[in-house]
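See below for the structure under consideration.
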Amino acid sequence: MKRKIISVLLILVMVLSLAGCGNKSSDKGTETNNTSNTDKTENTNTSDNSSDTKDQIWGGKTGETSGTENAEFTIGVVIHTTTDFLCSKLKAYSDYIGKAFNVKFNYYIIENFADETYLAAIENLCAQGVDGVITTNFSGTAVLQGLKICEDNGVYLGIGWSQVDERIKDQVYASKYFVGGSYESDYKAGYDIITSLIDAGCTNIAAIGYEPGITCHDRRWEGMMAAFEDHPEVKKAGEYRGLEFTKAVEDFLASDDTIDGIAITLLGIEYTQEPIKSAGREGQIKIAFCDFSENCQEGLDSGFITSAVGGQYVDIAFPFIFMYNTLLGTPLSEEKVEVPVNFITCKTGEEFSNYMKYLHNDGVYAWTVDELKQVIKKYNPDATADDLLKMGADYSIDDVMARHANQQ
Amino acid sequence: MTALSAKIKNIFKVLLLPIVVYVMFFILSGGKFGKSSSLLMNLKQTLAPTLISFAMCSNILCGRMDLSAGAVVMLASMFGAKVVYVYNIGLIPFALIVVGAGVVLGTLSGIMYMVLRVPAIVTALGVCMIYETLSNLTSISWVTAIKGETTTLGRYPYCLIIFAIMFVLFYIIFNYTKLGYNIRACASSQQIAKSSGINTKKTAFMCYAVSSLFLGVAALLRISIQGSIDTPMYMSSTNIIFNCMLGIYVGLALEQYCNLLIGIFIGNFVMNMLTTGLLSLGLSASLQNTASGVFLLIIMIFTYNYQRVMDYISDRKERYLLIKQKNL
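Protein chains in written order, with numbering that gives the first Met the number 0: chain A, 0 to 407; chain B, 0 to 327.
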């Protein structure tokens, strides 16, 4: 009897949860209920911790939404985290943008970069009734399937941190629900980190990369290998692609005491500092890597880091601008555009310090709301996609300093 | 004398595998692999995985696949690293927090197995996903680093001292306590153990509880040695335990020649030598994975069929002698 009661209760819970989910609203601007269990809804934290930083770190009051709560438009963002150095700034930027333009961003945190995960995320967000979806690192032919889901739900799709595959570009561009996207030159980033080590005098460099499968890391790796090919005078101490970066660094240092440079496609100091110290080779090895972290300043100041490449949190702005213009009924261009955006490269402590001061610290962003309004037709009828292309091409620390130095 | 020579033979058989792997990579790498610094590095890299293998082996022997062990280690490490980052605590509190977190998480895992009454692998997968999600929420960045005083325990001789204490502790628990006897009885046959009066449920719970201590210390050693912990994704915590499981299987194969714990240590050491050796060969990244799979197969075939091969050789020898005698 007990088991029957429990079974009935479980069935009721399932049915009610199904009824609660999937309120697909066809009216744009209608507030939707975030009842999906897979979406991390706002957390309410009753902690007495008064520090904003600690609240943010412990995920107290930030939740997984940003922007304006009762917004005119809701845009879903598919991303792997919102807590690291890069993605927390991206989320903060979306909050800044959302509050200015009356847009709410719903963040869907994915646990891996598999195509099925992205497609499930897009389905979930569409089921929540979003007006658009911005994906990050979504690439390959699965983009077509994602676009199909969006088309079926009348939801727009924008892509950040990734370029649409050449094989499907025509089909993607032909869809009215694809608004555009932005990407960085990961190939060049990978190439540059090797050349920066060579320029710093390194002659025996170990190459470490994230495991194959994520397009941005694959391209960075290709760039790194191309740099080795173009510089035959430099020895490649070895290569490793996987997840165990620290172990790889330990193994490289243990097997070859002439290694004087390490290049990594994802972060650097965190994986190398302790192994280099353990091997007793502090000061003898330089590193270069992609993606900034809060630990970059010290390394760049001391010369331990020859080059750190990052600053790509701005990617949220470009698909947003395309999408917002489209949602307002005034698309920026008839043709679909993907904006190539510069990476920020820091080779000295001063450069990173300027990056933090003008682009990354709390309250500062690469483009202010007033600057973004110049590429929104509602505010500037003359705005075109070429303006966005110019923004991406001009993006640099110097560019931001030139525009914002007087405001600091 | 016979006992002594049998012991020496057993020692030789146990050391044969690591020696063969060492010599093979030494030759193939042209002397690049196998320096003393490399072996010391391998030894350090073996410590935490061996403790994880110890933590898992009692469950594995009893037929329970505890896939959540890696997630426990990651979450305990991540939690400790975050507390260091936010509150700037010292070494002792850091160590206590990491070990304590490991104990709590591992014990919770055991409680869930007992309460839910589903196969251990199902509980383990669910717990693994929950703990990985918590690690994601707890993480500061893609990788959370610690430095300075908090990495002290990862250096020689502290890491060796900690490992030695845990080794002796597990040796005593596994070989000289009632729990150890019960584990080995359940490993032989759960039904017979139950019939003979052993409380198999209590034994199962105690396996998780004792394992949790070893997982906590493994988490402490791992983050202290590496200086950082990655945010888990895509069930990446299971990567940690697969090599540890291989270490257990090598240990089981070597059990006929030496104590299981020593066999597990040797197994993990060989696995680490394998990855270091492959890097030292200078193979491209894609070939490394293929080579790793091939070498692992060879090692497992060698380990599990070594006795069959030796028996076959001695059979052939005896037959040859018999034929020779007949001819004479």
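Ideal Cβ positions, reconstructed from N, Cα and C, are used throughout, including at glycine. Just so you know, these numbers come straight off a predicted model, no measurement behind them.
Can the beta-carbon of residue i be found less than 8 Å from the beta-carbon of residue j?
i                  : j                  : result
Ser-211 of chain B : Gly-292 of chain B : no
Asn-58 of chain B  : Ala-119 of chain B : yes
Gly-75 of chain A  : Val-129 of chain A : yes
Lys-376 of chain A : Leu-326 of chain A : no
Ser-134 of chain B : Pro-48 of chain B  : no
Lys-31 of chain B  : Ser-254 of chain A : yes
Glu-183 of chain A : Phe-342 of chain A : yes
Ile-265 of chain B : Pro-17 of chain B  : yes
Leu-85 of chain A  : Ile-315 of chain A : no
Leu-66 of chain B  : Ala-186 of chain B : no
Tyr-378 of chain A : Val-340 of chain A : no
Ala-68 of chain B  : Met-55 of chain B  : yes
Ile-320 of chain A : Leu-252 of chain A : no
Ser-52 of chain B  : Ile-298 of chain B : no
Met-97 of chain B  : Gly-226 of chain B : Strictly speaking, residue 97 of chain B in this sequence is Val, with Met absent from that position. No, they are not a contact pair.
Thr-135 of chain A : Gly-159 of chain A : yes
Asn-294 of chain A : Ala-144 of chain B : yes
Gly-157 of chain A : Ile-133 of chain A : yes
Thr-149 of chain B : Leu-104 of chain B : no
Ala-206 of chain A : Glu-238 of chain A : yes
Use the C-beta contact count for residue i: other C-beta atoms within 10 angstroms, 16 or more gives buried, fewer gives exposed.
i                  : result
Leu-152 of chain B : buried
Asp-169 of chain A : exposed
Ala-311 of chain A : The sequence given here has Gln at residue 311 of chain A, not Ala. Buried.
Met-270 of chain B : buried
Asp-310 of chain B : exposed
Gly-391 of chain A : buried
Gly-131 of chain A : buried
Leu-278 of chain B : buried
Leu-46 of chain B  : buried
Asn-304 of chain B : exposed
Met-0 of chain A   : exposed
Ser-195 of chain A : buried
Arg-63 of chain B  : buried
Gln-255 of chain B : exposed
Lys-325 of chain B : exposed
Just the Cα atoms here: how many angstroms apart are residue i and residue j?
i                  : j                  : result
Val-248 of chain A : Thr-271 of chain A : 6 Å
Ser-195 of chain B : Lys-201 of chain B : 14 Å
Asn-32 of chain A  : Tyr-117 of chain A : Residue placement at Asn-32 of chain A cannot be trusted, given a pLDDT of 35 that sits under 50; what the coordinates show is reported in the next sentence. For Asn-32 of chain A and Tyr-117 of chain A, the distance between alpha carbons rounds to 21 Å.
Ala-384 of chain A : Pro-274 of chain A : 47 Å
Thr-289 of chain B : Gly-241 of chain A : 13 Å
Asp-397 of chain A : Pro-156 of chain B : 49 Å
Ile-312 of chain B : Ile-172 of chain B : 38 Å
Leu-260 of chain B : Ile-160 of chain B : 17 Å
Asn-9 of chain B   : Tyr-180 of chain B : 24 Å
Asp-26 of chain A  : Asn-105 of chain A : At Asp-26 of chain A, the pLDDT of 36 sits below 50, so the modelled position is not reliable and the matter cannot be decided from this model.
Phe-241 of chain B : Tyr-357 of chain A : 45 Å
Ile-261 of chain A : Ile-286 of chain A : 5 Å
Leu-251 of chain B : Lys-146 of chain B : 37 Å
Leu-321 of chain B : Arg-315 of chain B : 10 Å
Val-452 of chain A : Phe-137 of chain A : Absent from the structure is residue 452 of chain A, since the part of chain A shown begins at 0 and ends at 407.
Met-113 of chain B : Ala-208 of chain B : 12 Å
Gly-66 of chain A  : Ala-119 of chain A : 24 Å
Thr-1 of chain B   : Phe-24 of chain B  : 35 Å
Ser-285 of chain B : Phe-112 of chain A : 20 Å
Counting along the chain, where does the alpha helix (DSSP H) carrying residue i start and finish?
i                  : result
Val-248 of chain A : 244-254
Asp-393 of chain A : 384-393
Val-331 of chain B : No information on residue 331 of chain B is available, as it lies outside the stretch 0 to 327 that chain B covers here.
Ile-51 of chain B  : 35-60
Phe-24 of chain B  : 1-27
Phe-351 of chain A : 348-354
Gly-125 of chain B : 119-137
Leu-266 of chain A : Element bounds for Leu-266 of chain A: n/a, residue is neither H nor E.
For the beta strand (DSSP E) containing residue i, list its first residue and its last residue.
i                  : result
Arg-240 of chain A : 234-241
Asp-229 of chain B : 227-229
Cys-345 of chain A : 343-345
Ser-378 of chain A : The sequence as given places Tyr at residue 378 of chain A; Ser does not occur at that position. Note, Tyr-378 of chain A: premise wrong, no beta strand (DSSP E); not H, not E.
Tyr-176 of chain A : Tyr-176 of chain A -> no beta strand (DSSP E), and no H or E assigned at all.
Ala-192 of chain B : First-last for Ala-192 of chain B: 189-194, but that is the alpha helix (DSSP H), not the beta strand (DSSP E).
Ala-206 of chain A : 203-209
Taking 8 Å as the CB-CB limit, is residue i close to chain C?
i                 : result
Thr-64 of chain A : No chain C is present in this structure, whose protein chains are A and B.
Secondary structure, alpha helix (DSSP H): runs of 4+ residues fully inside the region 243-326 of chain B: 259-279, 284-326
Those runs of the beta strand (DSSP E) which lie wholly inside the region 282-338 of chain A and span at least 3 residues: 285-289, 304-309
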